[in-house]
Every structure is written in C-alpha cells, then in structure tokens.
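Asks: My structure is below; once you've seen it, I'll send some questions.
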Amino acid sequence: MAQETLQDPAEAMKLDQLRKVLALERSKGFSDGAVVGGLDGFVKRWAQEAHRAVPHPMVRSGLSRMGMLEPQYEAMAPQERAGWVERVLAWSNGLGTLPPVEAKPDATPAPSPTSRKAAPPRKAPRPSQSGPGGQFLAAGQGLETPLGQIRGFTPALLKLLERLGITIVRDLLFHFPRRHIDFTNTQPIGSLEIGKEQTAVGTVWEVKELRFARGRRGSAEAVIGDDSGNVRAIWFNGPHMARVLKRGSQVALSGRVGIFKGRKVFQNPEYEEAGNQESVHTARLVPVYPKTEGLTSRRIRGIVKGALDGASHLLAEFLPSEQRRRLGMAELPWAVREAHFPSSDEDKDRSRRRLAYDELFLIQLGVLARKRAWKEGMPGHPLRVDAPMFDAFLGSLPFTLTGAQKRVLDEVLTDLGKSIPMSRLIQGEVGSGKTVIALAAMLVAVANGQQTAFMAPTEVLAEQHFRTISTLLGGGGRPHYRGASPMLEGMPVPSEAAEIASFTLDGHTKPITVGLLTGSMPRKRKQEVQEMTARGEIDVVVGTHALIQKEAVFVNLALAIVDEQHRFGVMQRSELRQKGYNPHLLAMTATPIPRTLSLTLYGDLDISTIGELPPGRQEIRTKWLDASERGRAYGFVAREVAERRQAFIVYPLVEESENLDVAAATEEYERLSRDIFPDLRLGLLHGRMKASEKESVMRAFRERETDVLITTAVVEVGIDIPNATVMLVEGADRFGLAQLHQFRGRVGRGEHPSYCILIAEAPSPEAGERLGVVERTHDGFVLAEEDLRLRGPGEFFGTRQSGLPDLRMARLSDVPLLELARAEATALFEQDPGLEKPEHHALAQEVARWWEHRTLLVGEA
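For the sequence shown, this note's numbering assigns the number -10 to the initial residue and increments by one for each residue that follows.
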C-alpha cells in the first residue's frame, strides 16, 4: 500500500494563523486581548490540532516543551508573557522545513541499511494514565491510595520504592528530580557534534548483543540512521537492549556523543520509540531522580510519568486565590508536572518557585502556630526578682557582665516576670557568657521557691555545667557538699565525684542546692538525687536525658534550660516542659544561627544574641596544614608543652573504620604515646568511655597531670581548660565550619597566645574552601552563614538530621523567598490565626497533612 505523506507541515499546522495571533498579542502589549476569551484557549486548540496533524517527534517535543498543550498565559506576569510569546514565535519559525513524515503505518519489510528509507513508526499508546499496570487509578482511588493497591506495583517494586520514602500516590508526585539533563538539542545524525549532549531521531538498521568472557555481562550495539548519516550506539552491561530495539523501528536517542575508532558513537544513551507518544526519556529536559539499588532513574521516570498522567489532576489548590494571583504563583497541578517534565528552563524555574514557596510557607505557618499555642495556652509562673539575693550574686562574680550580657539578662528577666511562659533562645560565641545568664535565671526561680532543670546533650557537658554553676555560686556563699569524699570537704569547687552541692548566698535564707543527674551514675547515687528532687530538696538539677526519664519527678518545675538545644528533638524538649506546669523555657547555643534558620528551624522562639566577648578573650591564630606537614605540627605541640602549656588533638572517629580512611583516636593515642611523644603525658577521652573514666581523664587534664588530650568531637562544647593553648584537629575536612569554630574555642581561654592547627589528608575542593574560610575568619556568625551556604541544612549541625523538615524544592539560600513566605504567613495569622475562614479551609488541611509526618527539631539525640 502506498504511503500518504505530509509534504507541507507548516500548512498542516496552520503556522501562519499562530504567528499572526502572537504578533497581534505583542502589539497589544501582552494584555491577553488578541483573541476573544484569552490566548490560553486559542493556543491549546491550535496545539491539539497540530499534535494530530503532524506526528513528527520534533513537533511533539516542541509543543510539550513550549507548554502549549496546557498553556498558563493568563497566570503569567507581563514580563513572563513577553518572553513566552517570543520563544513560541522563534520555535514556530524553525518549523518551516521539516522533513516528510509518514502518516500511516504499513507492514512493509524492514529496510536494508543502504536504502535509508525511514520505516513507519509503530502506533504508540495514547499518552494518559498508564503506569506499571496500565490504567493508573481505579474508581475510588486517590492521592492517598497505597501503591500496593494499584495494579502493576509488585511486592518487589513496592519494597524498592519504600526505600525512597514512596508508599502512596502523592509520594510519587512529590518525588522530585534532583536535576534535569538538557536533551532538547535535536540534530540530524550527520550533524552530531562530539562531546555534546544531543538528541537524534532515526531508524534502527542493525542491533545485536555483544557477548564477553564468562562472568562478564554482555552489551548491546545498534546502528541508527537517517537521511543524513548513521551513528553507532552501545549500551555497556545492557544486553537486554538487543531485545528491546527492533530493526526497522524509529527511535530517539539522547546522550553525549563520543568517538571510537574514528566514528561517532552514543555511549549508554537514553532511548525511546519515536512516534505518537510524548517524549519522556529523550528530546526534552529529562529528569534525573534519586534512586536506590535495583531501581534505576529511568524506571522511576516512567513510574512517575504514569502517576502524573493519571493523578496530578487530583491535586487540590490550597493557596488562597488572592495570594496566588498577587504573588504571580503558578497553579499547583501545573507546577508539579513541570517540576518533573518541564517544557523549558523558564517553566522549570517558575514551577520551582511555586513549590519552594509552598514548603517555606507551610513551615512558617507551622512554627507560628506552635508559637501562638505556647504564648496563648495555659499561663505559666510569673517569677519575681529577689533584689537582695540577685544583687549579692552579681556582686560575688569574679568578673563584670558585658554590655551584651546585661541586655540579654534584661530580656530574660522581663520574660520571667510574665504569666506567658518564656520561650527564648540565647545564641552567642564560645565563651561569651551564656551560662551566667542561665544561672541568673535559675536564681530567680529559686528565690520564688521553684525548681530548675538544666539539660545538656552529653555527660561531659552536663558535668562541666554542674562544676561551673557550683564555682559561681561558691564565690558568694558557703558551700556544703554531699556525695563527695571527705578529702573534698571545704574545697571551693566540687569535683566530678560530688553529685549534690548546697550554697548559702547572702540575702537568701535557705541553701541553694544543685544536683547532677546523668545516665551512667551509680544506681544508688542516681536514686538519691531523684528522691531529693521529688521531695523538692534540690533546687537546680543539671543533667542529660536522664532528666526526662519517668523516674525524674519535680515538685514545682518553673524553668527548663536546654543547652546546645539543636542536639535535642522537639519531643525531648516537650517532655522536659511536661515535667512542670507550663515552665519557662530558655534554650542556648554556641553555634550562631544563620538568619534563614532563625526564620525556620527556630521560628517559634524569641532570639537573644550575645555578640560581645568578655574582656581578655583573644583571637586564636589558625593555620591549615597539608598532611605532609604533620611533623611540624607535632613539633609545635611539643614546644608549647615545654613552656608548661597543654594541647588537644582531635580525631573524627573513636576506632578505625573499614569504610573511612580516617585516623581513629584510640589507635592514634597508642601511636603518639609510643612514637611521637614518648616523653609527654597523654590522656584519651571519647564518648564511649564510662562516666567514671571520663571524670578521671578530665580531672587529670584540668589539674595538669597530663600534657596532651587525645580526643574526639566530645570536646566540641563544655570544656574549659585555661592552660590549653593548642587545638590540633586531624581530618579537619570532615568537620563543618561551625564545628571547627567550636573546637577552636576550647583554647584561648587563658593569658597565653593560643593556636588552632587544621590537618587534612586529601580534602575535596569543597572541603578545601571550608578550611580556607575558617583559617581566615574568626567571626562565628560569619562562619555559620558560610557553613550553611557550603553544606546546606542537612549537615549544618552534624551528620544526622538538621531538624528542618524535608525540603525538596526550597533552598535556605533563597532569603527573599523565605522572607516573603514569613511575611505572608504572619499577615495571614493576624487576620485568621486559626485558618477558620472558608477560603482557608483547604490551606488548613494542607498544613495539617504536611506536618503530620514532619517534626521540627528532630536533631541529634
């Protein structure tokens, strides 16, 4: 049967009609007045007719890429409209000389490679709702339908998808690609350029499987040609391609073109049948998805495409219509589709802006709701300042508060005097004096007959706080210890062995009792502290997670203090609050909070900043050394010890790891003791040691019985050794800027010049940039911003979760969009704090759904 061909695609597509309408729209200033009823309806009808009339892959991909099948012209801003019209005009001008395309299939024999006559394309299924099992959704199924209830999702596939957090239909729609590959550059085969990502459409002349020696997977090779020439394609470790591709079929290939033995070749290209279906893997901006072993990005791409075709229309718009129009935000179903399979770079960016705004807006609504619930909930304990006792305490301090400390103290005291429970975060540099502010707040609670719980993330830090508080109280009163050995009676500072210390301050009639409660304490001592706390005999309990165990009972807890609070989850913070009746909350961190995190992660807290260091704190000289210069660093440590100083040497791991080529503290302790510093006294400290062992090591280092402390990141916070002048960090490229700054803050606390030495074996370019920044910069707030920029929120506070809800499209570096979301959420709360108005019902449901499986502050426990 003879073939019917379309010799004049331009006429069939009525290109002149499209161009005239677009030119008229341009002359009208892109006002959407060129066509009665608006440009969207005209363009959609024109595109559908063109799609049917000219089944050419370049036409099909262009219609999709330009967004003409589902135009959104009405929703665009004027500048966006102008850009879109010009792009469509430029695209249409390039369609005048398309090669002929055969309109009907025929069962003629496969052509020989020499004939180069294009074979008729096989009829493709209608692009619709086909997924792994054909029709994607059955009657009654929706976005919350488990994938296991959808035909085609086998148990094996479900298990693989679950690894990616995909269990329901909605999860598929919001499993966004991590990047796109631009395969829009479609070229005749004879014009393919070496080294570029390109797409070619041609006929499969040959295809064969390449077999190798036993034990090696085979490959597949094909020859594809068009009227301009032939090109080889090879799929390494993909012998199945010899069965997938059929001789005589038309395919589109996308990928990087290389050269082998003087001939052009596609290596492992993406492919798909060229025909009536919309391009998914080629000839477009192709999504690349996060994947897991056993599930390729290509397979995920096909599954997601099926879900988009079959379920994206079910996505309900939840942004208030007035807000969406005013901000120029795209509609949600369109934005989700374009996020996966964008028609252009501009549409991809417009989609990302809408979806990123959604995430930031929902975060803001969540944190503002939590702040409102806390502020407007049940009243707390207003605490009155006992002036005589408070003045006696301030007068007993061995230093004078800085101006920043006085300002923050006033903010805290004002909060404590209100019936609305305080919810405040104090941020300040290492050594800026946050603990004395916390102690002042404790004394206010004590003067009102109330108890305080002070929770720290590690036992080392809890013991440090217990010792610091006892030292500061001991300066203005008479100490009395329980739990200490008789040799310690009358000493001005309790040792780690004393779990309970009482002090009588001038102006206060009863002793102030401080207790220490940690998980590794002997059962008898822990029980004694718990019983005294339950009877109200201990005023301030300093501890770790042991404070939130059910055995820890408070009679009248009025103040909860959390140090390095990013190490705790919101549930742990909530459990500590529940130990009392709406107690005041004071959180502290020595890691400066970047502005973007203060608007998200800490959006429910009032923030006070101590931006001034006490007099006498010095700038620590910092130097980044190559691993080959390690001997110089060791020599410097030895010289400082010879001057009766002390040093820290920090390692990333406790023990050697088979997976990480990083020196471990325990092995290096042995090596340094034996080979490098045989005449020095070395100590070893890490988090896996028993509490009694850690106490012994720290006591020896404080009392100068050891010269060098070999340790891990356990010394990041809470260690105060004024005689230590050197901080040597091994594997420095494995730490973030904020953490390196914390290490550096362990020295420079005395009168002698201090130094921080960073050693990295073979840092990546990104790690090298971080090390250079910390070498040049000593401002912790600047370093925190840089750390967030370089590493992102997922690693900002360590290797575990940052505590921020899963951000799939938003970037915390996008401050203007974040501030816009904050302003919109705040304005919305002022007019409808409960989201109870009818126009906000859909938004209220989305906020509840979005936060159902997301918990802020899920940080390291």
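Where a beta carbon is used, it is the ideal one built from N, C-alpha and C, also for glycine.
Quick one: give me the first and last residue of the alpha helix (DSSP H) that Thr522 is part of.
Replies: For the purposes of this step, residue 522 is taken as residue 533 along the sequence shown, with counting starting at 1. Where Thr522 is concerned, the enclosing alpha helix (DSSP H) stretches over 512 to 523.
Asks: Considering Cα atoms alone, identify which of Leu390, His534, Phe443, Pro371 is closest to Met411.
Replies: Mapped onto the sequence shown, residue 411 falls at position 422. Comparing Cα-Cα distances from Met411 to each of Leu390, His534, Phe443, Pro371, the minimum goes to Pro371.
Asks: With a Cβ-Cβ cutoff of 7 angstroms, do Ala799 and Ala345 count as a contact?
Replies: Counting from one through the sequence shown, the residue named residue 799 turns up at place 810. Counting from one through the sequence shown, the residue named residue 345 turns up at place 356. Cβ distance < 7 angstroms, so Ala799 and Ala345 count as in contact.
Asks: Between which two residues does the beta strand (DSSP E) holding Glu210 run?
Replies: Taking the first residue of the sequence shown as position 1, residue 210 is located at position 221. Note, Glu210: beta strand (DSSP E), 208 to 215.
Asks: Please state the DSSP three-state secondary structure of His169.
Replies: The residue labelled residue 169 in the question sits at position 180 within the sequence shown. Looking at His169 - three-state DSSP - the assignment turns out to be strand.
Asks: Taking only the alpha-carbon atoms, compute the straight-line gap between Asp650 and Ile748 and give it to the nearest angstrom.
Replies: As a first step, residue 650 is located in the sequence shown; it is residue number 661 there, counting from the start. As a first step, residue 748 is located in the sequence shown; it is residue number 759 there, counting from the start. For Asp650, the predicted structure reports a pLDDT of 41, less than 50, and the residue's modelled location is therefore unreliable. The matter cannot be settled from this model.
Asks: Consult DSSP for Val718 and reduce its assignment to one of helix, strand or coil.
Replies: By one-based count along the sequence shown, residue 718 stands at place 729. DSSP places Val718 in strand when its eight states are reduced to three.
Asks: Report the rounded CA-to-CA distance for Arg54 versus Arg287, giving the unit in angstroms.
Replies: For the purposes of this step, residue 54 is identified with residue 65 of the sequence shown, where counting begins at 1. For the purposes of this step, residue 287 is identified with residue 298 of the sequence shown, where counting begins at 1. One C-alpha to the other measures close to 19 angstroms.
Asks: When you compare only the Cα positions, how much space is there between Met431 and Thr441?
Replies: Reading the sequence shown from its first residue, position 442 is the one you call residue 431. Reading the sequence shown from its first residue, position 452 is the one you call residue 441. The straight-line gap from Cα to Cα measures roughly 6 angstroms.
Asks: Tell whether a beta-carbon distance below 7 angstroms holds between Val503 and Ile458.
Replies: Residue 503 sits at position 514 when you count from the first residue of the sequence shown. Residue 458 sits at position 469 when you count from the first residue of the sequence shown. Yes, these two residues count as a Cβ contact at 7 angstroms.
Asks: Less than 7 angstroms between the beta carbons of Ala535 and Gly508, yes or no?
Replies: Indexing the sequence shown from 1 puts residue 535 at position 546. Indexing the sequence shown from 1 puts residue 508 at position 519. A contact, by the Cβ cut-off of 7 angstroms.
Asks: Would the beta-carbon of Phe350 fall within 7 angstroms of that of Ala36?
Replies: Here residue 350 corresponds to residue number 361 of the sequence shown, with the count starting at 1. Here residue 36 corresponds to residue number 47 of the sequence shown, with the count starting at 1. It is not a contact, given that the beta carbons lie outside the stated cut-off.
Asks: So which of Gly72, Gly26, Glu813 has the shortest CA-CA distance to Glu335?
Replies: Within the sequence shown, the letter at position 346 stands for residue 335. Answer by Cα proximity: Gly72.
Asks: Mind checking which residues open and close the alpha helix (DSSP H) that includes Tyr623?
Replies: The residue labelled residue 623 in the question sits at position 634 within the sequence shown. Taken as a continuous stretch (DSSP letters only), the alpha helix (DSSP H) holding Tyr623 covers 619 to 631.
Asks: If you draw a straight line from the C-alpha of Lys515 to the C-alpha of Leu506, how long is it?
Replies: The residue labelled residue 515 in the question sits at position 526 within the sequence shown. The residue labelled residue 506 in the question sits at position 517 within the sequence shown. So the alpha carbons of these two residues sit roughly 6 angstroms apart.
Asks: Should His830 go down as buried or exposed, given a rule of 16 or more other Cβ atoms within 10 Å for buried?
Replies: Counted from its first residue, the sequence shown places residue 830 at position 841. So His830 counts as exposed.
Asks: How do the region 447 to 457 and the region 569 to 581 stand: do at least 3 beta-carbon pairs fall below 8 angstroms, yes or no?
Replies: No: fewer than three Cβ pairs fall under 8 angstroms.
Asks: Output the distance between the C-alpha atoms of Val48 and Glu764, rounded to the nearest integer angstrom.
Replies: As a position in the sequence shown, residue 48 is number 59, starting the count at 1. As a position in the sequence shown, residue 764 is number 775, starting the count at 1. Roughly 56 angstroms separates the two Cα atoms.
Asks: Taking 7 angstroms as the threshold (C-beta atoms), are Glu198 and Gly184 in contact?
Replies: Here the question's residue 184 lines up with position 195 in the sequence shown. Here the question's residue 198 lines up with position 209 in the sequence shown. It is not a contact, given that the beta carbons lie outside the stated cut-off.
Asks: With the cut-off set at 7 angstroms, would you say Val639 and Phe543 are in Cβ contact?
Replies: For this step, residue 639 is matched to residue 650 along the sequence shown. For this step, residue 543 is matched to residue 554 along the sequence shown. No.
Asks: To which residues does DSSP link His675 through a beta bridge?
Replies: Taking the first residue of the sequence shown as 1, we reach residue 675 at position 686. According to DSSP, His675 bridges with nothing at all.
Asks: Given a cut-off of 7 angstroms on the beta-carbon distance, is the pair Val277 and Pro144 in contact?
Replies: Residue mapping note: residue 277 aligns to position 288 of the sequence shown, counting from 1. Residue mapping note: residue 144 aligns to position 155 of the sequence shown, counting from 1. Contact: no.
Asks: Which residue from Val397, Ser421, Ala773 puts its Cα closest to that of Arg413?
Replies: By one-based count along the sequence shown, residue 413 stands at place 424. Minimum Cα distance to Arg413 is reached at Val397.
Asks: According to DSSP, what are the bridge partners of Ile596?
Replies: One-based indexing of the sequence shown puts residue 596 at position 607. Answer is Leu414, bridged to Ile596.
Asks: According to DSSP, is Arg811 part of a helix, a strand, or is it coil?
Replies: Indexing the sequence shown from 1 puts residue 811 at position 822. Note: Arg811 maps to helix in three-state DSSP.
Asks: Can you check whether the CB of Pro641 is closer than 7 angstroms to the CB of Arg723?
Replies: On the sequence shown, residue 723 is found 734 positions in, with the first residue counted as 1. On the sequence shown, residue 641 is found 652 positions in, with the first residue counted as 1. Yes. Within cutoff.
Asks: When the Cα atoms are used, what is the spatial distance from Ala96 to Val158?
Replies: As a working note, residue 96 is residue 107 in the sequence shown. As a working note, residue 158 is residue 169 in the sequence shown. Its pLDDT being 34, under 50, Ala96 is placed unreliably in this model, and the value from its coordinates should be taken loosely. In a straight line, the C-alpha of Ala96 is about 40 angstroms away from that of Val158.
Asks: With a threshold of 8 angstroms, are at least 3 pairs of Cβ atoms found where one atom belongs to the region 682 to 695 and the other to the region 608 to 618?
Replies: With a cut-off of 8 angstroms, the region 608 to 618 and the region 682 to 695 do not count as touching, because too few Cβ pairs lie within range.
Asks: Would you grab the beta carbon distance between Phe307 and Leu832 for me? Rounded to a whole angstrom, and I think it's under 8 angstroms.
Replies: Locating residue 307 in the sequence shown gives position 318, counting from the first residue. Locating residue 832 in the sequence shown gives position 843, counting from the first residue. Their Cβ separation, rounded to whole angstroms, is 5 angstroms, which keeps Phe307 and Leu832 in contact under 8 angstroms.
Asks: Which residue's Cα is closest to the Cα of Gly56: Ala39, Ser333, Gly27?
Replies: Indexing the sequence shown from 1 puts residue 56 at position 67. When only C-alpha atoms are compared, the closest one is Ser333.
Asks: Helix, strand or coil: how does DSSP classify Val74 here?
Replies: In the sequence shown, the residue the question calls residue 74 occupies position 85. Helix.
Asks: Threshold first: 4 residues or longer. Then list the alpha helix (DSSP H) segments lying entirely within the region 130 to 172, N to C.
Replies: Listed in chain order, the complete alpha helix (DSSP H) runs (minimum 4 residues) inside the region 130 to 172 are 144 to 152, 158 to 162.
Asks: Among Ile710, His730, Glu320, Val325, which has the Cα closest to the Cα of Val718?
Replies: To locate residue 718, count along the sequence shown from 1; it is residue 729. Among Ile710, His730, Glu320, Val325, the Cα nearest to that of Val718 is on His730.
Asks: Determine whether the beta carbon atoms of Val193 and Ala209 lie at a separation below 7 angstroms.
Replies: In the sequence shown, counting from the first residue as 1, residue 193 sits at position 204. In the sequence shown, counting from the first residue as 1, residue 209 sits at position 220. Cβ atoms of Val193 and Ala209: not closer than 7 angstroms.
Asks: Quick one: grab the DSSP three-state call for Lys112.
Replies: By 1-based counting over the sequence shown, the position of residue 112 is 123. Since pLDDT at Lys112 reaches only 37, below the 50 mark, its modelled position is unreliable, and the value read off the structure follows with that caveat. Coil at Lys112, not helix or strand.
Asks: So, under 8 angstroms CB-CB, Ser743 and Thr714 are touching, yes? Tell me the CB distance rounded to an integer number of Å.
Replies: Here residue 743 corresponds to residue number 754 of the sequence shown, with the count starting at 1. Here residue 714 corresponds to residue number 725 of the sequence shown, with the count starting at 1. Contact holds; Cβ gap of about 4 angstroms.
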